[in-house]
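The next block holds one structure in the form of structure tokens; read it before the comments.
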Amino acid sequence: MQVPSEQQTVTNRARREQIVSATIEVIASEGYRAATFHAIALRAGIKSTRTISYHFAGRDELIEAVVDSVLATVRSFMSGRSAGPFDSAGDALESAIRATVALNSAHGSSMQALMSIFLEHHPEGGWASYGPAEESAAMSPIQQILTDGQNAGEFTEFDTSIMAATIQRSLDGIAFLLRTHPDLDLEHYADELVATFRRATKG
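Printed below as a string of structure tokens:
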């Protein structure tokens with residue numbers, strides 16, 4: 778069997794990334810169900826859908842690659858933005874909120890696509906786009922900030938799991954809001970969230 782050359786490997790990787798990027802754009806602008814191989818090929822400027830089939834065994838594999846790509850973007854963007862050190866738990870919470878809002882501003886298409894996939898993708902293989910593990914991973918950092926704030930006497934008493942879920946849902950909802958309010962002022966939205974949760978947690 779012939780081993781692919783380094784140039785072939787680089788070329789294949791670039792083509793896969795091109796297809797994934799086109800898929801994200803199609804899903805973000807036209808919806809998950811519109812992301813056919815034909816539509817993706819048109820968006821990517823690829824002449825034949827066979828090129829997509831060459832790089833991805835099927836739609837499920839392509840969508841899984843999209844999810845992996847978007848989550849890598851999220852991790853890269855968020856890395857260091859809310860890591861601290863911070864003078865207070867309140868500052869840490871504000872940083873987490875503003876970082877997530879900024880993520881939606883900087884990578885709106887990716888977040889729109891991810892939301893659509895989580896809501897509509899039901900793969901034949903059974904892998905879950907979003908499940909309990911992903912939910913826990915999303916909420917844990919915020920819940921830890923809330924717990925630290927209570928332990929330090931900075932935050933008042935409340936159920937940290939419920940408060941963390943409330944904060945997380947207000948951040949998860951940005952992609953929904955942008956669908957119906959594309960001109961939403963995200964900087965103002967962040968300001969309002971920060972003010973709201975400072976009042977809610979204040980000791």
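Numbering (the numbering used here), first residue to last: 778 to 980.
Beta carbons are placed, not taken as given, at the ideal position from N, Cα and C, and that holds for glycine.
In this text, all values refer to a predicted model and were calculated from it rather than measured experimentally.
- Looking at the backbone, the Cα of LEU870 and that of GLY835 are separated by about 41 Å.
- For PHE932, DSSP records a beta bridge to LYS979.
- If you ignore the 5 residues before and after ALA816, its C-beta comes within less than 6 Å of the C-beta of VAL803, all in its own chain and listed in chain order.
- Comparing alpha carbon positions, the residue from ARG875, ALA952 and ALA890 closest to THR800 is ALA890.
- Distance from the Cα of GLY808 is smallest, within the candidate group GLU964, SER887, ILE919 and HIS832, for SER887.
- Judged by pairs of C-beta atoms under 8 Å, the stretch 836-856 touches the stretch 876-886, as three or more such pairs exist.
- For the pair GLU931 and VAL847, the Cα-to-Cα distance works out to about 35 Å.
- Closest by C-alpha distance to PRO918, out of ALA873, PHE935 and GLU969, is ALA873.
- The continuous alpha helix (DSSP H) containing GLY867 extends over residues 866-883.
- Look at ASP960 here: in three-state DSSP terms it is coil, with no helix or strand label.
- Within 10 angstroms of the beta-carbon of PHE935 lie fewer than 16 other beta-carbons, which makes it exposed.
- The residue from HIS899, ARG792 and ALA876 with its alpha-carbon nearest to that of ASP837 is HIS899.
- In the DSSP assignment, THR937 falls within the alpha helix (DSSP H) that extends over 937-949.
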